[in-house]
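Trainee: Before anything else, here's the structure in question.
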Amino acid sequence: MKRSVAVILLFLLGVFFSQCKDSKEVEQTIEVPTPSEQGSITPTEEEVEEKEVIYGTYAGKFPWTEEGEDMEILQVSAQIKEGNKYVYRVISSTGTHHEEGEWELEQDRLYLREDEYSAAHAFLVKEGKLYFLDSEGDVVNEHESGDYILVKK
Numbered sequence: 005m006k007r008s009v010a011v012i013l014l015f016l017l018g019v020f021f022s023q024c025k026d027s028k029e030v031e032q033t034i035e036v037p038t039p040s041e042q043g044s045i046t047p048t049e050e051e052v053e054e055k056e057v058i059y060g061t062y063a064g065k066f067p068w069t070e071e072g073e074d075m076e077i078l079q080v081s082a083q084i085k086e087g088n089k090y091v092y093r094v095i096s097s098t099g100t101h102h103e104e105g106e107w108e109l110e111q112d113r114l115y116l117r118e119d120e121y122s123a124a125h126a127f128l129v130k131e132g133k134l135y136f137l138d139s140e141g142d143v144v145n146e147h148e149s150g151d152y153i154l155v156k157k
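Count along the sequence shown from 1, add 4, and you get the number used in my numbering.
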């Protein structure tokens with residue numbers, strides 16, 4: 005009887021020590037993600053090139069009408085600057101609207117926001133032009149000749 009109790013105690017002690025050893029190894033194991041697994045803090049060459057391509061001044065015309073009034077052609081320009089800054093101007097018969105804020109590029113979509121609370125001016129970036137997008141994210145009058153398109157100067 006003493007022998008079987010001693011064997012059982014030795015067996016349990018062995019299991020206990022092996023469990024302690026395994027948990028220490030797990031606690032000491034630190035996984036370091038490889039550079040490919042980490043998100044890059046610095047922009048890649050492609051991101052830098054893509055942003056440099058859109059920098060510049062774009063201009064175009066937007067037909068505009070309000071209820072009960074004749075159609076007016078608005079002269080619109082957007083200057084995309086470094087540091088994610090932009091200047092947006094709309095010239096109409098009643099004056100000039102001037103807006104400054106930050107821009108954001110998500111794939112081929114460019115968003116201009118005056119501040120975090122304002123609605124964004126949305127554009128599709130394609131072939132060096134900015135195509136105005138409606139609230140659904142669709143290009144406005146894509147097949148019209150030059151309307152709602154800002155062309156890089």
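Ideal placement from N, C-alpha and C gives every residue a C-beta, glycine not left out.
1) Tell me where the beta strand (DSSP E) around glycine 141 begins and ends.
2) Grab the span of the beta strand (DSSP E) containing alanine 82 for me, first residue to last.
3) Do you know whose CA, among Ala126, Met75, Leu128, Tyr90, lies nearest tyrosine 59's CA?
4) Thinking C-alpha only, which one of Tyr121, Asp74, Lys157, Glu86 is nearest serine 97?
5) Let's test the definition: count the other Cβ atoms within 10 Å of the Cβ of histidine 102 and tell me whether it reaches 16, buried, or not, exposed.
6) Measuring straight from C-alpha to C-alpha, what distance separates lysine 85 and glutamate 70?
7) How long is the line joining the alpha carbons of isoleucine 153 and glutamine 111, rounded to whole angstroms?
8) Only counting the same chain, and skipping five residues up and downstream in sequence, which positions put a Cβ closer than 6 angstroms to that of valine 144?
Mentor: Considering the structure as presented:
1) In the DSSP assignment, glycine 141 falls outside any beta strand (DSSP E), carrying neither H nor E.
2) 76 to 85
3) Tyr90
4) Asp74
5) exposed
6) Cα to Cα, the separation comes out at about 32 angstroms.
7) 18 angstroms
8) The residues Phe136, Asp138, Tyr152, in chain order, have a CB closer than 6 angstroms to that of valine 144 in the same chain once the five nearest residues on each side in sequence are set aside.
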